[in-house]
Every structure is written in structure tokens, then in C-alpha cells.
Amino acid sequence: MEEKIKALREEAISEFSAAVSAEDVERLRIKYLGRKGLISGLFAGLAGVAPEEKPKIGNLLNELKTAVSEALKGAAARIGSISVSSKAEGLDITMPGIKRPLGHKHPLTQVFERINEIFLNLGFKIADGPEIETSYYNFEALNIPLEHPSRDTFDTFYIKDKHLLRSQTSTVQIRVMEKEKPPLQVIAPGKVYRPDATDASHSFMFHQVEGFMVNEDIRFSDLKGILSLFAKQMFGEDTKMRFRPHFFPFTEPSAEIDISCIICKGRGLLTTKRCSVCGGKGWLEILGAGMIHPKVFESVGYDPAKWRGFAFGMGVERIAMLKFGIDDIRLFYENDLRFLKQF
Ligand code: DAH
């Protein structure tokens, strides 16, 4: 018995000192110190030892247990695993960990990224501009003089000294053209602010993507081509487009652009019921666009006789609402996980 105890002690100590992982340590703990482990086995053999030998062998066994426990602690500390005493403190290192849920991108970010990707693939580059603007960039340079009636719908949050929160990303057209020379092919994603009362389809802050292209020979058909490629990639190959004449101060001619309803496919009807997404019209407005006004070119020092360009602007929330079938703009800003998890 004495021989056995000595041999086991040596074997255990050398095995613990060779352990390289927390799993090794745990496996050895079970092998030697577990309820059915080798040391327990020796204790069970104590019953068969001659009575006069028992105290001595008992002592040796206790020493063995202490020595092996020390070897275990030493190995665990060396590996940096949680010390064995933590088990006694109620931390079971063999329990599976707590899984932290991994989030995902906000639906608006997803749509932003998709829009950017489509235009980057078409050779556009991305530009950025400030959200706090001067009234010059938000209005005058875009051919919206102080007394112009269209200024009312854009009139925004003024700060002071003619500074305001921009009400459109068209401001970035001016900032880019002031700094760079054509040819230009740029999109400008960002936040805009309007003095609108909040309801299911309005918010005082929302997101837009502005886009424009300037060169010597840009035509309205280029605008049509680029936007129809965009609509097909965003909403599906079978998407149709419609241009309706409209007025914007910074473009001439200007148009509002509709796509065929993505729910009823332009039929206006779902079986026999009126389609509720397009209100039975078969079309959904998605953006405004036109050929850049000569006055805009003049304000950035481009010769309007030489350069031509188109511009467009779209609301990101609007596109996300159509794409995901969301009927209330406020849902985007409430950070309710029950909503966000769906996209
Ligand atoms: N800035 C317009 C708005 O906020 C959107 C827009 C319309 C931008 C036509 C354009 C454009 O560049 O050509 O409602």
C-alpha cells in the first residue's frame, strides 16, 4: 500500500505539472480527486489494511490528498484558469458561459449602405457636408432667394448669425462644386431637419441621399438611366419608373419620380381590394430630380454654357418604409428592440 501511495503521488504531480490547458487540469482533477477517482479508490482500500497499520496508512493517504490538491492548485494558477477555490465559492467553471446577444445594423443603416453601394458601383463617390449650415448654402446658392415662396416648406431651425440646421442635403452639391472641378459624380448621404410636426409620415429630422453628376454632355436621359438602374437594384428588376413634371428651384426641368408599387406591382389592386400601400394609384413617389439650374452653376463659378448636370434627392426613411413595409416613421427612432429585431 505504501508503495502504491508513493507511486500515485509521483504520477499525479508529474501529470499536473505537464498540464497545458484548463481542460487538462479538470480532467486530472476528476482522475485523482474526483468522487470515484484514484485517491478515493485508495481510501476505500483502507478497510483491508491490517488494524495496526491503519493509522500510518491513513496519514499517508491524507498527505497524498493534500499534495495532489496543491499540485492541482499550482497547475490551475500556472495556466491562468480560475482557481479551484472559486469552485468552493460557488463559481462552477464547468458551466457553459452566458451568451450575449449580438445585435445587427439599424434598418436605416442597412438601407443607407445599400443605396451607397449601388451608386458606388455606378462610379459615384461619397461626399459629406455639415448639418449646421449657413442660409447661403441651404437657400441662396441653390437659387432659393429670401422672398421665394418655396422657402416656406424648407424653413428650418435657425441658430444664430444666419446659421441653421440644413433642411436638405442639396447643400453638399454647392460645397463640392465650390471645391472641385467637373467631371463630378457624387452622392451625399446625411441628416436633414424640417419644422414639421411629428406624425406617422413626418419627422423633424430624417435622412436623405443627394446625388449629382456634372460634365459637358450630361443629358436628361442620363438621369433616367441612372435612376432606373437604381430603382431596379433597390426594389427588383421588374420595377417601372414614372417621371412627373414638378418644380424645384435648383433644377430645370424638374421632376418627381415614382416607382411602380412594390406591393401590387402597379396594378392598384390586390385581388379585388384597393392596394393600401399606394392607395390604389399603382405608383409610389420616391425622389425628386432634374437638370441642375444654370443659376446654381453660376453660384459656384461654373460656366453654365459649358457644364451640364443632373441632381436628385431621396428620403432614406421613405425608401426603407417601402422596402420593409413599415407604416410609421417614428418606429425608426424609438429604439424598440421588438421593432428593430425584425430587420
Ligand atoms: N432637396 C429636395 C428636398 O429636400 C430633394 C431634391 C429634389 C434634391 C430635386 C435634388 C433635386 O437634387 O434635383 O426635398
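Sequential numbering of the sequence shown, starting at 28, is according to the numbering used here. Beta carbons: idealized from backbone N, C-alpha and C, even for Gly. None of these values were measured; they are calculated from a predicted model.
For asparagine 165, the enclosing alpha helix (DSSP H) begins and ends at 162 to 165.
Serine 281 has its Cβ nearer than 7 angstroms to a heavy atom of the ligand DAH. CA-to-CA, the gap between aspartate 182 and isoleucine 214 works out to about 23 angstroms. When only Cα atoms are considered, valine 52 and phenylalanine 366 end up about 46 angstroms apart. In this structure, the CA atom of leucine 149 is about 21 angstroms from the CA atom of alanine 347. The beta carbons of serine 194 and tyrosine 220 sit closer together than 8 angstroms. One thing to note: phenylalanine 339 has its Cβ no nearer than 8 angstroms to the Cβ of leucine 211. Distance from the C-beta of phenylalanine 339 to the nearest heavy atom of the ligand DAH is below 7 angstroms.
Taking the Cα of methionine 318 as reference, the smallest distance to any Cα among Met28, Thr278, Gly238 and Glu167 is reached at Thr278. The beta carbon of serine 326 lies closer than 6 angstroms to those of Ala168 in the same chain, with the five residues before and after it left out. If you check the C-beta of glycine 317 against the ligand DAH, you find a heavy atom less than 7 angstroms away. Across the set Pro157, Thr298, Ala77 and Pro276, the C-alpha of Pro276 shows the shortest separation from the C-alpha of glutamate 174. With fewer than 16 other Cβ atoms from the protein chains shown falling within 10 Å of its own Cβ, glutamine 369 counts as exposed.
Nearest to glutamate 207 by alpha-carbon distance, out of Phe184, Lys58, Val241 and Val236, is Val241.
In this structure, alanine 94 keeps its C-beta atom at 8 angstroms or more from the C-beta atom of arginine 56.
Look at glutamate 174: its beta carbon is at least 7 angstroms from all of the heavy atoms in the ligand DAH. With contacts defined as CB atoms closer than 8 angstroms, methionine 122 and valine 236 fail to qualify as a contacting pair.
Residue nearest to isoleucine 66 within the set Leu358, Lys292, Ile84 and Ser177 is Ile84 (criterion: CA-CA distance). By the neighbour-count definition (other C-beta atoms within 10 Å, threshold 16), glutamate 344 is a buried residue.
Note that the region 76 to 92 does not touch the region 137 to 146; fewer than 3 beta-carbon pairs, one per stretch, sit closer than 8 angstroms. Taking a C-beta distance under 8 angstroms as the contact criterion, threonine 225 and phenylalanine 231 qualify as a contact pair. Taken through DSSP and simplified to helix, strand or coil, valine 95 comes out as helix. When DSSP reads this structure, threonine 278 sits in a beta bridge with Phe275 and Ile319. Residues of the same chain with their beta carbon placed closer than 8 angstroms to that of glycine 68 are lacking, with the five preceding and five following residues left out of the count.
Exposure of histidine 131 is indicated by the presence of fewer than 16 other C-beta atoms within 10 angstroms of its C-beta. The distance from the Cβ of lysine 292 to that of aspartate 265 is about 7 angstroms, consistent with a contact at the 8 angstroms cut-off. Ranked by Cα distance from lysine 350, the options Phe262, Leu358 and Ile356 are led by Phe262. Within a 10 Å sphere around the beta-carbon of serine 44 sit fewer than 16 other beta-carbons, which makes this residue exposed. The beta carbon of phenylalanine 166 sits no closer than 7 angstroms to any heavy atom of the ligand DAH.
Residue range 211 to 220 is occupied by the beta strand (DSSP E) that includes lysine 218, with no alpha helix (DSSP H) assigned at that position. Residue environment: tyrosine 59 is assigned as buried (16 or more neighbouring CB atoms within 10 Å of its CB, all protein chains considered).
Counting along the chain, no alpha helix (DSSP H) covers asparagine 362, and no H or E run does either. At least one heavy atom of the ligand DAH falls within 7 angstroms of the beta-carbon of glutamate 237. Here phenylalanine 184 is actually not in contact with proline 157; their C-beta atoms are around 14 angstroms apart, not less than 8 angstroms.
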